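Set out below in structure tokens:
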């Protein structure tokens, strides 16, 4: 747009050039080049990789569904880990989230609860799983405990935020009848947060299912161990079979949790 | 009105019988699933007996922390992690923006293309970033390149889906004005859609960057570079005092990243 619009005063354009935006974009490009060179990316490496990728894909196809028993056992264990960790995680995040809600609780209660939530949230479930594998040994229990911790962090935070956003009018009304605190929670708070809470819970079930297929990499039980072993043994066709089944299970779970959310809307 | 009397006598119920039945069925299914998992999950009780000693042992071995490891390996790999997360996010924006444009039904009124973009998003999100990392390590060899690509591919679905939804929610008024003035598609996007979705876009990008910092910290466990490599090395050597240093560093970085994101959101968005 070099010629200025005739309707506007000289030197003004309808859409002015956004110089700060251009500078920011330039900085982003410079950073990308700097970071890529810092990490040692090079075109040669990329091209070699593409050739390697062809070999890799060729070895993946066709997927090998021969060792069905191992596959089914791993998937079932992952499913169990996801269900149990979601159940206990959500159950525990209820009181933690409630205690962290600043509109219902005094500051000396919310601060410890918020610290617990922040601690649970800051580590990836896989890292927590490493610690639990050391504490309770290899197997599904370590995975369940790790995902419980992750669930408390996520659901607890969202639940606390949901409670903080409720209308206090109903709380006041119930309080005015002389109801004890528990009744205030059941009659005034719960009806306002239940649909959102079901949303968080089903989302967390999905998320736990995704992670339960991974905690096995560090010894936390489930299909992840089988996947990682197959990968290290270069059984890429079996890896592909595991991946197909995992992705299928995750997609089915996503559809199911969509139905659950609809039923509780 | 004669219906008033019957309206008062009628018993009001919040949900239809079908809704109630559906809810009870879901409750029942949840209980069955939990009981089944509880009864069949394989837990080795022998491991549980000594878990208090193991936990005590864990803390004894972690203390005092070996801070010499920080300068040795942690700092360099920390920088690598930050670069992986940031570059991965940038790369994912590069792919996700065009795909988001294709996925938005109001911008691309071709159902096949919308469907194709959504299919790519679902695929990208359904594969865990660790699995993406495994695949890219097999292709490009161990190192940060695999990690960056894993982060990028995992983020495409997330960013693309949310960006597409933001585009679909854009107000059509200013866009219709542009169309009426004869603006080409490019100008419609840049002058009509972009100013409306810009805050949503940056907030999605920042949110994903925050998640990517956490995720890139574990990619090293499968050899895809970053601070996870330092963690993996220390773990394999059972140097728990070094593990403690790495964990504390990850914690500090994650908290810092969250503070940065909150600050940017409050100031700029």
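Chains as they are written, first to last, in UniProt numbering: chain P, 1 to 265; chain D, 1 to 269.
Where a beta carbon is used, it is the ideal one built from N, C-alpha and C, also for glycine.
From a predicted model like this one, the values you see are computed outputs, not experimental measurements.
- A distance below 8 angstroms between beta-carbons, with the five flanking residues on each side excluded, links residue 194 of chain P to the following residues of its chain, in chain order: 264.
- When 7 angstroms is used as the limit between beta carbons, residue 40 of chain D is near these residues of chain P: 80, in chain order.
- At least one CB atom of chain P sits nearer than 8 angstroms to the CB of residue 86 of chain D.
- For residue 96 of chain D, the closest C-alpha among the options D:135, D:66 and D:160 is that of D:160.
- If you draw a straight line from the Cα of residue 264 of chain D to the Cα of residue 202 of chain D, it comes to about 10 angstroms.
- With respect to chain D, the C-beta atom of residue 134 of chain P has a partner C-beta closer than 8 angstroms.
- For residue 131 of chain D, the chain P residues whose Cβ falls inside 7 angstroms of its Cβ are 243, in order along the chain.
- Pairing residue 249 of chain D with residue 121 of chain P, the inter-Cα distance amounts to about 15 angstroms.
- Between residue 148 of chain D and residue 84 of chain D, the beta carbon gap of about 5 angstroms places them in contact (Cβ cut-off 8 angstroms).
- Scanning D:238, D:14, D:93 and D:191 for the CA closest to the CA of residue 17 of chain P turns up D:191.
- Shown here, residue 123 of chain P sits in coil according to DSSP, grouped into three states, outside any helix or strand.
- A direct Cα-Cα distance of roughly 21 angstroms separates residue 231 of chain P from residue 217 of chain D.
- Taking 7 angstroms as the upper bound on Cβ-Cβ separation, chain P lies near residues 51, 54, 55 and 58 of the region 51 to 77 of chain D.
- Look at the beta carbons and you see the region 47 to 66 of chain D not touching the region 176 to 193 of chain D: under three pairs across the two are nearer than 8 angstroms.
- By the beta-carbon neighbour count (other beta carbons within 10 angstroms, threshold 16), residue 252 of chain P is exposed.
- For the set P:238, P:28, P:42 and P:215, the Cα lying nearest the Cα of residue 145 of chain P is the one of P:215.
- Per the C-alpha coordinates, the member of D:122, D:209, D:34 and D:150 positioned closest to residue 223 of chain D is D:150.
- In the DSSP assignment, residue 33 of chain P falls within the unbroken alpha helix (DSSP H) covering 19 to 38.
- Per DSSP, the continuous alpha helix (DSSP H) segment holding residue 172 of chain P begins and ends at 168 to 176.
- Within the region 186 to 220 of chain P, the residues whose Cβ lies closer than 9 angstroms to any Cβ of chain D are, in chain order, 210, 211, 213, 214, 217 and 218.
- Following the DSSP letters along the chain, one finds residue 217 of chain D in no alpha helix (DSSP H), marked with neither H nor E.
- Per DSSP, reduced to three states, the secondary structure at residue 103 of chain P is coil, with no helix or strand assignment.
- The shortest C-alpha to C-alpha distance from residue 241 of chain P to any of P:42, P:51 and P:57 is the one to P:57.
- Considered as a whole, the region 179 to 245 of chain D harbours 194 to 216 and 227 to 236 as its complete alpha helix (DSSP H) runs of no fewer than 4 residues, in chain order.
- Taking each of P:151, P:163 and P:115 in turn and checking the Cα distance to residue 128 of chain P, the smallest one comes out for P:151.
- For residue 33 of chain D, the chain P residues whose C-beta falls within less than 8 angstroms of its own C-beta are 83, listed in chain order.
- Chain D has a Cβ within less than 8 angstroms of the Cβ of residue 231 of chain P.
- Neighbours of residue 52 of chain P in chain D, taken as residues whose beta carbon is under 9 angstroms from its own, are 138, 139, 140 and 141 in chain order.
- Your pair residue 126 of chain D and residue 247 of chain P checks out as a contact, with CB atoms roughly 5 angstroms apart and the cut at 8 angstroms.
- A straight line joining the alpha-carbon of residue 19 of chain P with that of residue 28 of chain P spans about 14 angstroms.
- With a threshold of 16 other beta carbon atoms within 10 Å, residue 18 of chain D falls short and is exposed.
- Residues of chain D with a Cβ closer than 7 angstroms to the Cβ of residue 102 of chain P do not exist; the shortest Cβ-Cβ separation is about 16 angstroms.
- Going by beta carbons, residue 156 of chain P and residue 97 of chain P fall inside the 8 angstroms limit.
- Residues of chain P whose Cβ lies closer than 7 angstroms to the Cβ of residue 37 of chain D are, in chain order, 80, 83 and 84.
- Under the DSSP assignment, residue 23 of chain D falls in the alpha helix (DSSP H) whose first and last residues are 17 to 40.
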